[in-house]
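Enquirer:
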Amino acid sequence: MNSNPKTRISGKPLEVFLAFLKLGLTAFGGPIAHLGYFRTEFVERRRWLSDAQFGQLLAICQFLPGPASSQLGFTLGLLRGGWLGAFAAFMAFTLPSAILLVAFAAALPWLSQPIGEAAIHGLKLVACAVVADAVFGMAKKLCPDLLRKLIALLSAAILIFASSALTQLAVIALAAVMGMVFIRQTNQSTSQTPIPLPYGTKLGAMLLAVFVLLLLGLPLFASSQLGFISVAEAFYRAGALVFGGGHVVLPLLQDTVVSNGWANTQDFLAGYGAAQAIPGPMFAFSAYLGAIISPWQQTYWMAATALVFLFLPGFLLISGVLPFWRVISQNPNAIRAIAGVNAAVVGLLGAALYDPIITSGITGYLDVFIVLIALVLLMRWRINPLFIVVWCVSASIISFCCLA
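Numbers given in the numbering used here equal positions in the sequence shown, counted from 1, plus 144.
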């Protein structure tokens with residue numbers, strides 16, 4: 145594989161849209177699995193960026209509030225196709241799941257049947273294989289020496305035994321310090337590969353200011369009564385204050401939506417269950433909530449409002465921080481710190497692979513066999529992830545039918 149990916153903004157929004165649309169239709173398994181899909185598609189297949197760039201972007205997204213996988217996808221679109229590319233990436237990756245969740249009620253009876261549960265279990269096995277492939281691939285690139293291997297293993301061990309959003313931040317910060325102090329030589333291709341941007345620090349500062357203004361200003365116009373402003377404020381606040389993304393945002397949304405009487409617990413949990421069974425970002429669950437809390441005449445507008453305002457703070461933050469990161473990352477001490485952080489990211493993914501992906505996905509020897517076959521297909525022949533989805537789901541359903 146060629147190790148010199150393109151590093152200039154050379155793509156077109158349509159190219160970005162089609163690439164992310166495929167993922168929006170096939171990226172099962174939740175936010176951690178999405179990182180594996182992104183790496184396979186954009187680092188290995190399309191070569192839009194290097195493993196080092198991917199690791200840097202992932203580390204930044206882990207530091208910030210918001211949906212890390214969607215922030216990463218938004219940034220990949222931005223780097224490839226400018227602001228239109230970023231918008232195209234968001235729309236293509238998010239709309240399929242948002243549409244499915246808004247239309248979920250019709251499919252709920254089927255999903256509650258045993259064969260539907262078997263299909264959902266197969267999707268968990270997909271996540272096992274995809275994330276394992278990502279961990280092995282990134283470890284090979286980003287942990288070339290003993291010290292960085294130890295940082296990755298230590299990070300994984302800490303996160304396995306003390307997993308939380310704050311622990312993730314602490315581990316990444318500790319890895320940055322270890323890298324800065326102990327790593328003396330870094331490979332240019334794994335630590336200081338430049339990240340191109342179509343704008344500078346001035347616009348970055350303006351975007352950060354908009355983030356703060358919306359966070360402080362929306363509550364001034366919102367009320368506890370259901371309406372577009374109150375929904376926008378509630379979902380923006382949830383997106384701005386949640387670290388870890390994915391499932392972590394659910395308690396905040398439940399507290400807002402259910403406690404305010406906008407929806408009941410049964411409907412809320414039904415949508416949450418559906419979100420586990422479809423591709424795309426977990427934050428698309430907001431479209432479902434927007435749809436069920438609104439009068440039927442406003443269903444689509446309220447769903448769109450909830451969707452946009454849950455994602456918006458994370459996108460403002462990552463866009464605002466990126467140009468400053470680009471400047472800081474040219475500092476020699478920062479270069480060594482980034483090398484340590486990249487190693488910690490491998491450990492972070494390794495810990496997530498173990499828990500919750502393997503612990504909730506692998507239930508017996510047959511599951512191990514299904515995942516191993518999928519992993520070999522990914523690592524040896526680089527099979528399209530869509531076929532991995534077909535294999536795992538089909539095998540899970542067949543095994544259920546044979547053992548029932």
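Glycine included, every Cβ here is placed at the ideal spot set by N, Cα and C.
What's the gap between the Cα of T449 and the Cα of V375?
Expert: Taking the straight line from one Cα to the other gives about 7 Å.
Enquirer: Among V315, C536 and A431, which has the Cα closest to the Cα of L298?
Expert: For L298, the nearest C-alpha among the options comes from V315.
Enquirer: Using only alpha-carbon positions, find the residue among G505, G173 and A319 that is nearest to N477.
Expert: Here the closest residue by C-alpha is A319.
Enquirer: How about the stretch 492-511 and the stretch 216-231: do they share at least three Cβ pairs that are nearer than 8 Å?
Expert: Because the criterion of three Cβ pairs below 8 Å is not met, the stretch 492-511 and the stretch 216-231 do not touch.
Enquirer: Assign G199 to one of three DSSP states: helix, strand, or coil.
Expert: Three-state DSSP puts G199 in a helix.
Enquirer: Count the other CB atoms, across all protein chains shown, that sit within 10 Å of the CB of K268; report buried if there are 16 or more and exposed otherwise.
Expert: Burial call: buried.
Enquirer: Got a sec? Which residues, its chain only, sit under 7 Å from L165 by beta carbon, not counting five neighbours each side?
Expert: Closer than 7 Å at Cβ, skipping near neighbours: A236.
Enquirer: Could you check how far apart the C-beta atoms of S120 and P467 are, in whole angstroms? I think they sit under 8 Å.
Expert: Residue 120 lies beyond the range of the chain shown here (145 to 548); nothing can be said about it.
Enquirer: Enumerate in chain order the residues of its own chain whose CB-to-CB distance from A296 is below 6 Å, with the five nearest sequence positions on each side excluded.
Expert: So the list reads C287, A487, V490 and G491, once near-sequence residues are dropped.
Enquirer: What's the call for Q312, buried or exposed, on a 16-neighbour Cβ count within 10 Å?
Expert: Under this definition Q312 is a buried residue.
Enquirer: Taking G549 and G458 to be in contact with their CB atoms under 8 Å, please state how far apart those CB atoms are, rounded to whole angstroms.
Expert: An answer regarding residue 549 cannot be provided, because it is not within the stretch 145 to 548 covered by the chain.
Enquirer: Could you check whether the Cβ of G323 sits closer than 8 Å to any heavy atom belonging to the ligand GDP?
Expert: Among the ligands in the structure shown, none appear at all, so the ligand GDP cannot be discussed.
Enquirer: Cα-Cα, which of V356, F372 and V533 is closest to L460?
Expert: Per the Cα distances, V356.
Enquirer: Would DSSP call V515 helix, strand or coil?
Expert: In the structure shown, V515 sits in a helix (DSSP, three-state: H, G or I).
Enquirer: Quick check on the DSSP output: the alpha helix (DSSP H) that includes N475 runs from which residue to which?
Expert: Here N475 belongs to no alpha helix (DSSP H), and DSSP marks it neither H nor E.
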